[in-house]
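Protein chains: 4
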Amino acid sequence: MIAASSATQGNPVRMGMVGGGEGAFIGEVHRWAARLDGKINLVCGAFSRDSENTKRTGNALGLDAARCYADFNEMMTAEAALPEGERMEFVAIVTPNHVHFPVAKAALENGFHVLSDKPATLNLDEAKQLRTIVSKNPNLAYGLTHTYLGYPLVGEARGIVEAGGIGKVRKVFVEYIQGWLATEVENKQADWRTDPARSGGSGCMGDIGTHAHNLAEFVTGKRMTHLAADLSIFVDGRRLDDDGSALFRMEDGVKGTLSASQVCVGKENSLSIRVYGETGGLEWRQEEPNTLIRTYADRPTEIMRAAQGYLSDGAQGWFRTPPGHPEGYIEAFANVYLDFAKALRSEGGVTTGIDGAVRGMAFVEALLKSSDNDSAWTEIEA
Amino acid sequence: MIAASSATQGNPVRMGMVGGGEGAFIGEVHRWAARLDGKINLVCGAFSRDSENTKRTGNALGLDAARCYADFNEMMTAEAALPEGERMEFVAIVTPNHVHFPVAKAALENGFHVLSDKPATLNLDEAKQLRTIVSKNPNLAYGLTHTYLGYPLVGEARGIVEAGGIGKVRKVFVEYIQGWLATEVENKQADWRTDPARSGGSGCMGDIGTHAHNLAEFVTGKRMTHLAADLSIFVDGRRLDDDGSALFRMEDGVKGTLSASQVCVGKENSLSIRVYGETGGLEWRQEEPNTLIRTYADRPTEIMRAAQGYLSDGAQGWFRTPPGHPEGYIEAFANVYLDFAKALRSEGGVTTGIDGAVRGMAFVEALLKSSDNDSAWTEIEA
Amino acid sequence: MIAASSATQGNPVRMGMVGGGEGAFIGEVHRWAARLDGKINLVCGAFSRDSENTKRTGNALGLDAARCYADFNEMMTAEAALPEGERMEFVAIVTPNHVHFPVAKAALENGFHVLSDKPATLNLDEAKQLRTIVSKNPNLAYGLTHTYLGYPLVGEARGIVEAGGIGKVRKVFVEYIQGWLATEVENKQADWRTDPARSGGSGCMGDIGTHAHNLAEFVTGKRMTHLAADLSIFVDGRRLDDDGSALFRMEDGVKGTLSASQVCVGKENSLSIRVYGETGGLEWRQEEPNTLIRTYADRPTEIMRAAQGYLSDGAQGWFRTPPGHPEGYIEAFANVYLDFAKALRSEGGVTTGIDGAVRGMAFVEALLKSSDNDSAWTEIEA
Amino acid sequence: MIAASSATQGNPVRMGMVGGGEGAFIGEVHRWAARLDGKINLVCGAFSRDSENTKRTGNALGLDAARCYADFNEMMTAEAALPEGERMEFVAIVTPNHVHFPVAKAALENGFHVLSDKPATLNLDEAKQLRTIVSKNPNLAYGLTHTYLGYPLVGEARGIVEAGGIGKVRKVFVEYIQGWLATEVENKQADWRTDPARSGGSGCMGDIGTHAHNLAEFVTGKRMTHLAADLSIFVDGRRLDDDGSALFRMEDGVKGTLSASQVCVGKENSLSIRVYGETGGLEWRQEEPNTLIRTYADRPTEIMRAAQGYLSDGAQGWFRTPPGHPEGYIEAFANVYLDFAKALRSEGGVTTGIDGAVRGMAFVEALLKSSDNDSAWTEIEA
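Chains as they are written, first to last, in my numbering: chain P, 106 to 487; chain G, 106 to 487; chain Z, 106 to 487; chain E, 106 to 487.
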């Protein structure tokens, strides 16, 4: 169970939000996640470039109208001027990709911690700049909401690998396939994701391939060092990749394949990882996140299940309900928020911080470079 | 998506809670559920018979100390004396079963709506008394948190049946099996559930069989009228049933079987229903709640999935995230709270109200009577 | 692997067949099963009451025309007159139910072993007569083709129970549901199965409920002693039950439920059993027969798989291919034939013999009696 | 159902076998497959280089001792000298890889049809030689036992693609992973498979990657033209690849990934294919071969099942039993034999013939070349 006695007990962390006005999707998810455990309070926001939208959104959320700001710069300045126990402690950035960097920069420079949606920035260069800024502000936390690491069984998988439970890792299969962009789609979500100016140099890979990369590195505890990629645009007229696959290599001789696609008709949000080592294997699927499959050479395959007593203490701490009570995406997201809130109260570190942020962008750059170079093996520089 | 423009928008419903002090499980679940959507605020509580526990619980939840009451009677009186826009609007009852009735009674008599954990009361007689009280207070809402009806695909199943999608219903298989009481268990959860004074005349059937009964009636839209039951105590020394099965009959010639067990070793929280009509069937399992299986006579079986565009509008309104983002038990519970909050703002009715409450207790009484009478067919009087 | 050095090696058992002419289904299945391992040769037959059909069938099977007989009596007489090393050794009976008894009787009385399709006879009385005949011919083997016991993982399940692997058995759920008779069906298969004169007093229960009964007794190693049943006819105009459920009790305090139905629209051939004991459980489904699920109180659920090295030696001997090469219904049926062939060569016993045959008929009689008697608990007399 | 009135009716095809002596695995599988339907008779064999083994094997199989030959050359000569209606019609080659070519060559040159285990030859050069020989003998059939194409739902998948059921194909994921060579293994099966002299230039890819390649081409109806591969040897001391992945491209803009591995601990025989087109997708797994998943853009995913009436007539013809009676590997293999037997009786063509044989070897050569050349894109020359 999630510990009832954390440092946030009776002292919720104060959050501001940039983005997430009426009509946005992911901002609402962030708010559910932040709200669930009662350990984080939303105190202010600059939800939209449309100030009427911001006002309506803030009002619906019960915010003080004075703390619904016209833009993020105004928010930084105004909040910084408030008393310490009152002003926001961190900014949640839930805008389209191209706004991540300027907001994060402004927040850090004004003394606020940052929890940003991913990818961290529009490109690797920005990510490196951000790393420089973060490194100059050692008292400030920077976190990236790689939601899927918030699933406790993903942590359990990492723990098993780390403890040698499958022996030396050899082979990784990771993929993230969806179908919602199989045809030309026109809506707010699809719009900015397929626009280079707002999404960055990659579409599908930047949006979801980065989750697959992040998951592979997290579970194995190894860095992906090289890849050979073939990105595709299957839908006529689209300007960014909507599909791609790569061979990859990690530290210590691990090899693997990574695929991401948004044109696999009928697939919903199918992120999965399978890792095989010298003595065993692990398999996990996001769409059935409360199950972790563990394979052995000479024993029956095991179905490890959420919240069971046989899981490690580490995993146990991230479930809210007993076995058989499914927890899902919002709970995983809430765990990412809780992880960050705990870090702000000095109860632990941030799972995906600035290093992960830079690595993600370096992964995307390497993909683009390899794919443009006839799928030549390309180093991931991070 | 859950509508952003409900009447609770910017005007959260004010909730008080009885039960749910430190160390309790289900009270915390109720709070997550109430909190998730930001449409319900906890404003006061009588969390424990131990007033120190109540204080600590209230403090951790950020409540005003003055509204953390020593007992539920004090809470009713004190809250009733507060201004209308400030005092609690409804009481969430999350105590062991034997306290449900007195709290509900007191709340209704003091003009507060009631949302109670199930079963509604300790026995059928109390439930009928409660029905009388409720009927005298037509302005007050009474709701029972039959969590599993909060899963949107359960509603979709009901909708399909209602629309004739499987033809005239013939046969129902419903079961709820767990394994956690397969041996003598000593903990707070197990303790009161196996104690007749606190749990009522039935253990397993009162605790989880009632969910199966409720689910069968909800999905089919038919009342269960008769049953022939065989209840068992498999663990030595236990005083209440820990397992049971029944044949049953519903209105309009529907037949079925219902099983509930807490001694099926290794099962977690395995509630499932399968319904077959003249032209099709439906199958749903709580542990994978985002999937509804639909069978046909001459077409492939379909996997209906949460939040997909092909679901009915009714179901659509109860998802928070797009397809492939699993929602689980807490979201279902939050839907039950949201349903109740909407009812209080005159946006709809309560899914399981006092009639369902009485029906649940009548079901349990019929089970006990049949099982004591050599499994004779017994009418469910409600 | 199936042992290459059985006593049938190079000396196949000689089989005659009654029933199974052109247009029949189950006769062909029996022939595949008998043929697969090369240890049984079909040498003669009385395939149909239509002698032209018999001739064509025999010719297509490469039989000597002289050994394609007009009726089973002629076959018995003629074969008995052949030299010992040439004449058939056993008769496979693959006719509709009402012919099982007279053929079996004639075969035994003429000194031939019998392998009969199930149910053994039209009613309990015939089955008891058959038992008397068998008891008078101790040198003759009588076997019933309860196909599903031919799946090696069913045997593994029994072995685990027998070895105490799940502790004292408490609860059994067994069911066999199909959908093919959900509406009025007119074809050869449906025809005799719904005709009391050819099928016996029960339709669905006699046809498939008996498999469920047999499976429950086999896996648990316990006899079912009492049942309380509710049989139904859901399709207008049908004369025999097409659905039914029963509560049951077995020796040593085991309880359970059994359902069989042919009106569950969209279900194919869904036979499944789940058995829970004091310390563990087992779950098996015929439609995925190469997997056996094993549950524990405090360890992950295990997926036991066909042909794996961790299975018992007993089970190992009944697989033909390595793990991951699915074996199915025909292989299971072939195992039943192989089991019988080995028995004829004194290499073991018959899995389901005359006792199982009588028990199956007694089960059906008890079902009918209970259902006619308001589902009163009824003893299974066998 | 498999048609009862084929040209083989009452006139079984006569088969000789090279390889498959006592202790061999795959030879026995071929014999089950050939025997199942009663349309092929084994009449002679050269089962082993050890003539005692050949004698014992033939005797156990009930063969005439005179037709159990010391070697395949003797068999060709002797059989060719027999009368036409008596001598074997085709040779089944079930030896290790390096013997495939010389036997096939000898058979064809002696006027016998050939059905060979795969891969066809030790390398591409031999395959091309074989193609030349075959092309000179237009009256002789050459078939390769690509078992997995014998699963009827694989044919159904091809048929759906061909009929435009998923629109223009875009992306293919195909993989074949096993775990049995995750450590150094010493047994007859492992031995020759890891020996270049007997297995050819590739281990894992030649053995099982070729199945994946063949399946991808069959289902999509497209030729794989280029690949970029990364082969691995994970087990120390092994001389041939035991794992590998490739990016690939097919005709008409189809892209995909192919992985094969024998070091994925705990995996059995996990061959699977997923194909996505512009309007739908198909997913099939060998370990559950009776299910074909079909995805749509805006309708529920469908579970297509073996032998159901909604399948195409083409697929229907290859099932033996009704829905819900699992058919498996042996039945698939039997279908390959039946397909070949029908071709010999002029009832159809051979599914995988000499072109497929050459393509398979060209695929392996391209893999080796690409992997040796830093995973450069390499053309598959066939």
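Where a beta carbon is used, it is the ideal one built from N, C-alpha and C, also for glycine. Computed from a prediction, not measured in an experiment: that's the story for all the values here.
Skipping 5 residues on each side, what residues in its chain have a beta carbon closer than 6 angstroms to that of residue i?
i	result
ILE282(Z)	SER366, CYS369, LYS372, SER375
GLY125(P)	GLY132, PHE152, VAL199
PRO431(E)	ASN395
ASN244(G)	none
Tell me which residues share the same chain as residue i and place their Cβ nearer than 7 angstroms to its Cβ, disregarding the 5 neighbours each side in the sequence.
i	result
THR330(Z)	ARG354, MET355, GLU356, GLU484, ILE485
ALA212(G)	MET181, VAL196, VAL219
ILE145(E)	PRO117, VAL118, MET120, ALA139, TYR442, ALA446
Considering only the beta carbon of each residue, do residue i and residue j sit closer than 8 angstroms?
i	j	result
GLY361(G)	ALA321(G)	yes
ASN319(P)	THR457(P)	yes
ALA334(Z)	SER480(Z)	yes
ILE378(Z)	VAL324(Z)	yes
GLY454(P)	ALA402(E)	no
State the start and end residues of the unbroken alpha helix (DSSP H) segment that holds residue i.
i	result
LYS221(G)	A small fix is needed here, since residue 221(G) is Ser in this sequence, not Lys. Note, SER221(G): premise wrong, no alpha helix (DSSP H); beta strand (DSSP E) at 218 to 221.
LEU449(P)	434 to 449
VAL324(E)	315 to 325
VAL370(G)	Looking at the DSSP string, VAL370(G) is not in any alpha helix (DSSP H), and its letter there is neither H nor E.
THR162(P)	156 to 165
VAL208(G)	202 to 214
THR182(P)	177 to 185
GLY419(E)	418 to 421
LEU235(P)	229 to 241
Does residue i come out as helix, strand or coil in the three-state DSSP assignment?
i	result
CYS309(Z)	helix
ALA462(E)	helix
ALA351(P)	strand
ASP335(Z)	strand
ASN146(P)	strand
LYS273(P)	coil
TRP137(Z)	helix
ILE265(P)	helix
MET193(P)	coil
ILE485(Z)	coil
TRP297(E)	helix
GLU356(Z)	helix
LEU286(Z)	coil
GLU470(G)	helix
Please confirm whether any heavy atom of the ligand SAM lies closer than 7 angstroms to the CB of residue i.
i	result
GLU267(G)	Ligands are entirely absent from the displayed structure, and the ligand SAM is therefore not among its contents.
Locate the beta strand (DSSP E) running through residue i, then write down its first and last residues.
i	result
SER377(P)	375 to 382
THR396(G)	396 to 401
VAL118(Z)	118 to 123
Who are the near neighbours of residue i in its chain, counting only those whose CB is closer than 8 angstroms to its CB and skipping five residues on each side?
i	result
MET106(E)	At MET106(E), the pLDDT of 47 sits below 50, so the modelled position is not reliable; the number obtained from the coordinates is stated separately. So the list reads GLN421, GLY422, PHE424, ARG425, once near-sequence residues are dropped.
| Mind listing which residues of the region 137 to 152 of chain Z have their C-beta closer than 7 angstroms to chain E's C-betas, in chain order? | Here the close residues are TRP137, ARG140, LEU141, GLY143.
* Asked: Which residues, in order along the region 391 to 410 of chain E, keep a beta-carbon less than 7 angstroms from a beta-carbon of chain P?
  -> For the region 391 to 410 of chain E, the set of residues with a beta-carbon nearer than 7 angstroms to any beta-carbon of chain P comprises THR400, TYR401, ALA402, THR406, in chain order.
Q: Output, in sequence order along the chain, the residues in the region 430 to 449 of chain P whose CB is closer than 7 angstroms to any CB in chain G.
A: HIS430, PRO431, GLU432, GLY433, TYR434, ILE435, GLU436: these are the residues of the region 430 to 449 of chain P whose beta carbon lies less than 7 angstroms from some beta carbon of chain G, given in chain order.
Exercise. Please name the residues in the region 450 to 483 of chain Z whose beta-carbon is closer than 7 angstroms to at least one beta-carbon of chain G, in chain order.
Key: Residues of the region 450 to 483 of chain Z with a C-beta less than 7 angstroms from any C-beta of chain G: ASP479, SER480, TRP482, listed in chain order.
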